[in-house]
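Asker: Take a look at this one; I'll ask things after.
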Amino acid sequence: MPGLETKKSCITSRSESETIELGRQIGRLLAPGDVVYLFGDMGTGKTRIAKGLINAATNTPLDDINSPTFTLINRYQGDLAVYHADLYRVEQGELEDIGIEMVEESQGALVVEWAEKVPKLDENALRIHLSHTDDENVRIIVLECPQEGSWSSRLWTRRMSDDEEEAVGRDPYKHEQPYACDGESLCRS
Ligand SMILES: Nc1ncnc2c1ncn2[C@@H]1O[C@H](COP(=O)(O)OP(=O)(O)OP(=O)(O)O)[C@@H](O)[C@H]1O
Ligand SMILES: [Mg+2]
């Protein structure tokens, strides 16, 4: 992301269900106006993350969430409207924008597969880069967001000890962060 300092975290997913669970963790943090971009080759798990995310954010059953490859965009309504776009079939340069205004007007959130095709990426978005490894069940997943801003503060919350948690009460933003990062888990790329 030229011009904007970003924070990154690398996560190793060892199964489809771990990837879905990562999506669910992010989905619980989703707020109106959020944009999540998914980058990565075919079969890396973009749809699995999207399923988890939409499931957690809208309560839609996992089986009812499918990649909108032919419709381009699907809408799921829960407490929050989540739009799920898949740009696989879009030619590079064909798209002017991906209906960001529609998402903003409805106070919804947007998750985009094949974000490589988005002509002008939203700098404030959460970017998720997925890649294959030598092991067919293992994926490397990198979360990237601006250093400053709401994604950063939501994702990089330190995991609290049980005592700390009891002292402050259960704050959902500070609880169950599988990727809560300190310097050690930051991606060294
Ligand atoms: N650790 C893992 N995380 C996610 N998917 C995994 C993992 N290990 C194996 N898989 C398998 O990889 C496939 C991922 O498919 P998925 O449709 O989510 O990928 P995708 O990136 O959306 O692909 P496409 O570009 O075709 O849309 C599934 O068949 C899933 O079972
Ligand atoms: Mg997909």
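The opening residue of the sequence shown carries number -5 in my numbering; numbering runs sequentially from there. Ideal placement from N, C-alpha and C gives every residue a C-beta, glycine not left out.
#1: Name the two residues that bound the continuous alpha helix (DSSP H) containing residue 59.
#2: Quick check: the Cα distance between residue 39 and residue 133, rounded to an integer number of angstroms?
#3: Where do the ends of the alpha helix (DSSP H) carrying residue 8 lie?
#4: What do you get for residue 73, buried or exposed, if any count of 16 or more other CB atoms within 10 angstroms of its CB means buried?
#5: Exposed or buried, what is residue 111 when buried is set at 16 or more other beta-carbons lying within 10 Å of its beta-carbon?
#6: With residue 49 as the anchor, note down where its alpha helix (DSSP H) starts and where it stops.
#7: Are the beta-carbon atoms of residue 44 and residue 18 separated by less than 7 angstroms?
#8: DSSP on residue 112, reduced to helix/strand/coil?
#9: If you reduce the DSSP assignment to three classes, tell me which class residue 14 lands in.
#10: Among residues of its own chain, excluding the 5 on either side of residue 117, which ones have a beta-carbon nearer than 6 angstroms to its beta-carbon?
#11: Any idea what DSSP makes of residue 193, helix, strand or coil?
#12: By how many angstroms is the C-alpha of residue 71 removed from the C-alpha of residue 0?
#13: State yes or no: is the C-beta of residue 109 within less than 7 angstroms of the C-beta of residue 33?
#14: Would the beta-carbon of residue 45 be found less than 6 angstroms away from any heavy atom of ligand 2?
#15: Taking residue 41 as the reference, which of 9, 148 and 80 has the closest Cα?
#16: Rounding to the nearest angstrom, what Cα-Cα distance links residue 58 and residue 146 in this structure?
#17: Would the C-beta of residue 107 count as close to ligand 2, meaning under 6 angstroms from any of its heavy atoms?
Answerer: According to the data block:
#1: Counting along the chain, residue 59 falls outside any alpha helix (DSSP H), and DSSP gives it neither H nor E.
#2: 8 angstroms
#3: Note, residue 8: premise wrong, no alpha helix (DSSP H); not H, not E.
#4: exposed
#5: buried
#6: 40 to 52
#7: no
#8: coil
#9: helix
#10: -2
#11: The requested residue 193 does not occur in the structure, where the chain is confined to residues -5 to 183.
#12: 31 angstroms
#13: yes
#14: no
#15: 80
#16: 30 angstroms
#17: yes
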